[in-house]
Amino acid sequence: MSLSSLAPNPKKVTYEGKDRDESIVYIVRSSIITLIPATILTLTIIIASFFFRSFLQNFGSETGILVRPQILPLVHFFLITLAFGVYLHSLLNWYFNVLVLSNKKILDIDFVGLSYKNVSETTIEHVEDVTSTVSGLWGLLFNIGNINVQTAGEQREFEFYNVDDPSKVRDLIADFAAKIRKRGNRGYS
Amino acid sequence: MLILQQKLEKGATVDIVNININQGITKFTEILFLFITLVYTLYAFLLIKNVKLMNKVLNTPKSGVFKFFALVHLVMAVSILVIASLIII
Chain A
1 MSLSSLAPNP
11 KKVTYEGKDR
21 DESIVYIVRS
31 SIITLIPATI
41 LTLTIIIASF
51 FFRSFLQNFG
61 SETGILVRPQ
71 ILPLVHFFLI
81 TLAFGVYLHS
91 LLNWYFNVLV
101 LSNKKILDID
111 FVGLSYKNVS
121 ETTIEHVEDV
131 TSTVSGLWGL
141 LFNIGNINVQ
151 TAGEQREFEF
161 YNVDDPSKVR
171 DLIADFAAKI
181 RKRGNRGYS
Chain B
1001 MLILQQKLEK
1011 GATVDIVNIN
1021 INQGITKFTE
1031 ILFLFITLVY
1041 TLYAFLLIKN
1051 VKLMNKVLNT
1061 PKSGVFKFFA
1071 LVHLVMAVSI
1081 LVIASLIII
């Protein structure tokens, strides 16, 4: 698994609706740094699970117990499972929310939560303007920012958030689009 | 003697009421836990579906790994639900 935002020429990667003569040139993901909050939350749940177990064990020893002792390991294991689930969910969202740049199209694949999927695409020729923005403390510290691709089609813009080195990604997309436009319909090889 | 006997009887009644309330609280928290695990199992099941959908939209060499982890997560959730059901109900 590439830890960088930008994966050039990814091997054995396909997407729904990919043409036979189409090849993926770049995959852009959010920075791995965006997984830090989820990692902290996961570790917090794991650490809290031990305290919670101890709390349940000691709570109500005089006034009455909240759960029977045989339930305690289950509650603990449930919290560990919850931590695992939280991290897996964040990891999936990070891995599958991508901007795909092929020799024909540009695709923005978005998954939000468990029930929302949005895939937008346009041809490379329609890419008109690519903008990168770095803002906020995190952005300045880690050189993370957003990419905005404006197109001539009905889908006017693609926005992609928290990319590593956004200037480099912007430059790359813009150069690539210019190259394709120059070559006309022959496509990128 | 009669007063002492009455006090003891009252105390005993209070204790029985306390025990019943405590048992009620224990039962309530355990059933609440069971309900939470049930909801969580549904979430784990939906996560599997979501992974399938994600893999369909973007298929990568890591697709199998995510599928495996989602399945492990579901197995963990179902195990907790089944064991909790056996103990609580």
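Protein chains in written order, with my numbering: chain A, 1 to 189; chain B, 1001 to 1089. Beta carbons are placed, not taken as given, at the ideal position from N, Cα and C, and that holds for glycine. Just so we're clear, the structure is a prediction, and the values are computed from it rather than from any experiment.
| Check | Outcome |
| --- | --- |
| What does the Cβ neighbour count give for V249 of chain A, buried or exposed, with the cut at 16 atoms within 10 Å? | Lying before the first or after the last residue shown, residue 249 of chain A is absent from chain A, which here runs from 1 to 189. |
| Output yes or no for whether 7 Å exceeds the beta carbon distance between A1070 of chain B and L1047 of chain B. | yes |
| Taking only beta-carbon positions, decide if F1069 of chain B is within less than 7 Å of chain A. | yes |
| DSSP on P1102 of chain B, reduced to helix/strand/coil? | What is shown of chain B runs 1001 to 1089, which leaves residue 1102 of chain B out entirely. |
| Only counting the same chain, and skipping five residues up and downstream in sequence, which positions put a Cβ closer than 6 Å to that of V119 of chain A? | I109 |
| Kindly indicate the opening and closing residues of the alpha helix (DSSP H) around K168 of chain A. | P166 to R183 |
| Using a beta-carbon distance below 7 Å, is L6 of chain A in contact with chain B? | no |
| Which of helix, strand or coil does DSSP assign to I1056 of chain B? | It is Lys, not Ile, that sits at residue 1056 of chain B in the sequence shown. K1056 of chain B falls in the helix class under three-state DSSP. |
| Any residues in the stretch 9 to 30 of chain A with a beta carbon nearer than 8 Å to a beta carbon of chain B? Which ones, in chain order? | P10, K11, K12, V13, T14, Y15 and E16 |
| In terms of alpha-carbon separation, which member of A:Y95, A:V98, A:A38 and A:P73 lies closest to F51 of chain A? | A:P73 |
| Looking at the unbroken beta strand (DSSP E) that takes in G145 of chain A, where does it start and where does it end? | I144 to T151 |
| Could you tell me which of A:N103, A:V130, A:Y87 and A:K105 sits nearest to L43 of chain A, measuring between CA atoms? | A:Y87 |
| Quick check on I1080 of chain B - is its C-beta less than 7 Å from some C-beta in chain A? | yes |
| Is it buried or exposed, G145 of chain A, if we count other Cβ atoms within 10 angstroms and call 16 or more buried? | buried |
| Check distances from the C-beta atoms of the stretch 1041 to 1069 of chain B to those of chain A and list, in chain order, the residues that come in under 9 Å. | Y1043, A1044, L1046, L1047, K1049, N1050, V1051, L1053, M1054, N1055, K1056, V1057, L1058, N1059, T1060, P1061, K1062, V1065, F1066 and F1069 |
| Would a check of beta-carbon distances place M1001 of chain B closer than 7 Å to chain A? | With a pLDDT of only 48 at M1001 of chain B, under the threshold of 50, the placement of this residue in the model should not be trusted, and no figure is reported. |
| Are the CB atoms of T1026 of chain B and I65 of chain A nearer to each other than 7 Å? | yes |
| I'd like the list of long-range same chain contacts for L101 of chain A, defined as Cβ closer than 6 Å, with 5 residues on each side in sequence excluded. | V25 and Y26 |
| Which of the three DSSP states, helix, strand or coil, is assigned to K117 of chain A? | strand |
| Compute the distance between the beta-carbons of E125 of chain A and K105 of chain A, then report whether it is under 7 Å. | no |
| Would T81 of chain A count as contacting chain B if we go by Cβ distances under 7 Å? | yes |
| Using a C-beta cutoff of 7 Å, does F96 of chain A count as contacting chain B? | yes |
| Could you check if A7 of chain A is buried or exposed, using at least 16 other CB atoms within 10 Å of its CB as the buried criterion? | buried |
| Give a yes or no on whether the minimum CB-CB distance between L99 of chain A and chain B is below 7 Å. | no |
| Give a yes or no on whether 7 Å exceeds the smallest Cβ distance from Q70 of chain A to chain B. | yes |
| Between I1083 of chain B and chain A, is any beta-carbon pair separated by less than 7 Å? | yes |
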